[in-house]
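See structure below.
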Amino acid sequence: MKTIAIEEHFTTPMYKQKVPANEFRNFYLTSRSEQLGHNIVDELADLGEKRLAHMDAAGIDVQVLSFGSPGPQGFGADIAIPMARDANDLLYEAVKAHPDRFAGFAALPTADPEAAADELERAVTKLGFKGTMIHGHTQGSFLDDRKYWVIFERAQALGVPIYLHPTLAHPNALTSYFDGYEELARAGWGFAIDTSCHFLRIVFAGVFDAYPDLKIILGHLGEGLPFAMHRLNDHTYRAAERRGLQKTPLQYLKDNMLVTTSGNWYEPAFLCTLLALGADNILFAVDWPYEPNKVGLEFLKKLSISDLDREKIAHLNAERILRM
Numbered sequence: 285m286k287t288i289a290i291e292e293h294f295t296t297p298m299y300k301q302k303v304p305a306n307e308f309r310n311f312y313l314t315s316r317s318e319q320l321g322h323n324i325v326d327e328l329a330d331l332g333e334k335r336l337a338h339m340d341a342a343g344i345d346v347q348v349l350s351f352g353s354p355g356p357q358g359f360g361a362d363i364a365i366p367m368a369r370d371a372n373d374l375l376y377e378a379v380k381a382h383p384d385r386f387a388g389f390a391a392l393p394t395a396d397p398e399a400a401a402d403e404l405e406r407a408v409t410k411l412g413f414k415g416t417m418i419h420g421h422t423q424g425s426f427l428d429d430r431k432y433w434v435i436f437e438r439a440q441a442l443g444v445p446i447y448l449h450p451t452l453a454h455p456n457a458l459t460s461y462f463d464g465y466e467e468l469a470r471a472g473w474g475f476a477i478d479t480s481c482h483f484l485r486i487v488f489a490g491v492f493d494a495y496p497d498l499k500i501i502l503g504h505l506g507e508g509l510p511f512a513m514h515r516l517n518d519h520t521y522r523a524a525e526r527r528g529l530q531k532t533p534l535q536y537l538k539d540n541m542l543v544t545t546s547g548n549w550y551e552p553a554f555l556c557t558l559l560a561l562g563a564d565n566i567l568f569a570v571d572w573p574y575e576p577n578k579v580g581l582e583f584l585k586k587l588s589i590s591d592l593d594r595e596k597i598a599h600l601n602a603e604r605i606l607r608m
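Each residue of the sequence shown is one higher than the one before, starting from 285 at the first, in the numbering used here.
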């Protein structure tokens, strides 16, 4: 069975220079590395033979690579623009060296939305990338703000998806909900809350009325939205109509949202997602190197689904949506 994993991360020397360390981040990376049996920081930096060896050992055929969080979203334009271009150029070289094994999502300098749209176009038309990954809010500013809609417009025109990836929650949320409990602010809980709320802001802002063909991808089986989408719709569809939205919230989630399996290895959650969205809207991802390739692939192989649905999730959906 061919496998294409689409949420697989890397970093650059510029990333290491600019992204500050802190006590809890250091603890997380060290303890998680010990748990997984590989050094996360070292694996993020590798775009060559070592990464390929890990893929081969697990049976991963292709990785769609993306620049690590917080990416350019953590910085103002003066840093974000050169950081995104540097990451995309480095990724292009890696894909060019291993075109049958790697593909790319662009990093974008969202602090300058026009520059971000232009960088997306360069990455897709000149570098051959398959879309973009945006790491949540840009220093506290969410993508529903009209100044960012040029990015949505360009993505739709290019026919590529946007992968909305978690980052640390908005600074106000960090203070109110996670002060003193930073372990809850990250992958265990806070990432999903911040990303799902961010996506819903995009929905209720009317982005998908303006750009109906746009697809946004959420990781981790949809950041909790498949579980909650019916209740969400029941309690908000009248408000959505009052805002002037053309569809119900539930319909936008079914029409414009795709999800991946990344790092959520729990079959009950998967089955909920499958029933809520259908196999055509779920793509395989691991979240390497924060998650183990072998665990991700074994999870996919053992799921209680049809062979056709397994093939769709493993590679057919990625080939269709990312035009691979």
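Glycine included, every Cβ here is placed at the ideal spot set by N, Cα and C.
Other residues of its chain near alanine 469: CB distance less than 7 Å, five sequence neighbours each side excluded: Hits under 7 Å: Leu452, Ala453, Leu458, Phe462.
Taking all protein chains shown into account, do 16 or more other C-beta atoms lie within 10 angstroms of the C-beta of leucine 592, making it buried, or fewer, making it exposed? Flag for leucine 592 reads exposed.
For phenylalanine 351, name the three-state secondary structure that DSSP assigns. It is a strand residue.
CB of proline 510 within 8 Å of CB of cysteine 556, strictly: In this structure, the beta-carbon distance from proline 510 to cysteine 556 falls below 8 Å.
Can you list, in chain order, the residues of its chain with a C-beta nearer than 6 Å to that of valine 444? Leave out the 5 residues immediately preceding and following it. So the qualifying residues of the chain are Val408, Gly415.
For tyrosine 291, which three-state DSSP category applies? Looking at the sequence shown, residue 291 is not tyrosine but glutamate. Three-state DSSP puts glutamate 291 in a strand.
Pick helix, strand or coil for phenylalanine 386, following the three-state DSSP scheme. Phenylalanine 386: strand per DSSP, three-state reduction.
Taking phenylalanine 389 and serine 350 to be in contact with their CB atoms under 8 Å, please state how far apart those CB atoms are, rounded to whole angstroms. 4 Å between Cβ atoms; contact.
Taking the beta carbon of serine 546 as the centre, do at least 16 other beta carbons fall within 10 Å, making it buried, or is it exposed? By the Cβ-count criterion, serine 546 is buried, with 16 or more other Cβ atoms from all chains shown falling within 10 Å of its own Cβ.
Which word fits serine 460, buried or exposed, when buried means at least 16 other C-beta atoms lie within 10 angstroms of its C-beta? Classification for serine 460: exposed.
Run the CB neighbour count on proline 393, radius 10 Å, all protein chains shown included, and call it buried at 16 or more, exposed below. Flag for proline 393 reads buried.
Name the DSSP bridge partner or partners of leucine 567? Paired residues: Thr544.
Skipping 5 residues on each side, what residues in its chain have a beta carbon closer than 8 Å to that of lysine 499? Contacts found: Pro445, Ile446, Asn540, Met541, Leu542, Ile605.
Tell me tyrosine 447's beta-bridge partners as DSSP assigns them. By DSSP's assignment, tyrosine 447 forms a beta bridge with Met417, Ile501.
CB-CB under 7 Å to isoleucine 365, same chain, minus the five flanking residues each way: which ones, in chain order? Result list for isoleucine 365: Pro393, Asp396, Ala399, in chain order.
Look at threonine 544 and leucine 567 and say whether their C-beta atoms are less than 8 Å apart. Contact: yes.
Candidates Pro576, Lys585, Leu587, His599: closest to glutamate 318 by CA position: Nearest C-alpha to glutamate 318 among Pro576, Lys585, Leu587, His599: Pro576.
Mark proline 356 as exposed unless 16 or more other C-beta atoms lie within 10 angstroms of its C-beta, in which case mark it buried. Per the 10 Å Cβ criterion, buried.
Beta-carbon proximity list for lysine 431, same chain, < 7 Å, skipping 5 on both sides: Only Pro397 meet the Cβ criterion.
Assuming contact is defined by CB atoms lying nearer than 8 Å, are lysine 538 and aspartate 564 in contact in what I supplied? Judged by beta-carbon spacing, aspartate 564 lies beyond the 8 Å limit of lysine 538, meaning their Cβ atoms are not closer than that value.
What are the boundary residues of the alpha helix (DSSP H) that arginine 430 is part of? Arginine 430: not part of any alpha helix (DSSP H); DSSP gives it neither H nor E.
Quick one: what does DSSP say valine 303 is sitting in, helix, strand or coil? In the structure shown, the three-state DSSP call for valine 303 is coil.
Out of Ala401, Asp384, Met513, which one is the CA nearest neighbour of glycine 332? Considering only Ala401, Asp384, Met513, the residue with the shortest C-alpha distance to glycine 332 is Asp384.
Judging by CA-CA distance, which residue of Tyr299, Leu328, Val487, Leu534 is the nearest neighbour of arginine 244? Since the first residue of the chain shown is 285 and the last is 608, residue 244 is not available in this structure.
Coil, strand or helix - threonine 557 by DSSP: Three-state DSSP puts threonine 557 in a helix.
Count the other C-beta atoms from every protein chain shown that fall within 10 angstroms of the C-beta of methionine 608, then say buried if there are 16 or more, exposed otherwise. The residue in question, methionine 608, is exposed, as its Cβ has fewer than 16 Cβ neighbours within 10 Å.
Indicate the three-state DSSP secondary structure (helix, strand or coil) for threonine 532 in the structure shown. Of the three classes helix, strand and coil, the one that applies to threonine 532 here is coil, per DSSP.
Anyone know if the C-beta pair for tryptophan 572 and histidine 293 falls short of 8 Å? Cβ atoms of tryptophan 572 and histidine 293: closer than 8 Å.
Quick one: what's got a C-beta closer than 7 Å to leucine 313's C-beta in the same chain, skipping five residues either side? Ile324, Val325.
Buried or exposed: proline 450, going by 16 or more other Cβ atoms within 10 Å of its Cβ? Label assigned to proline 450: buried.
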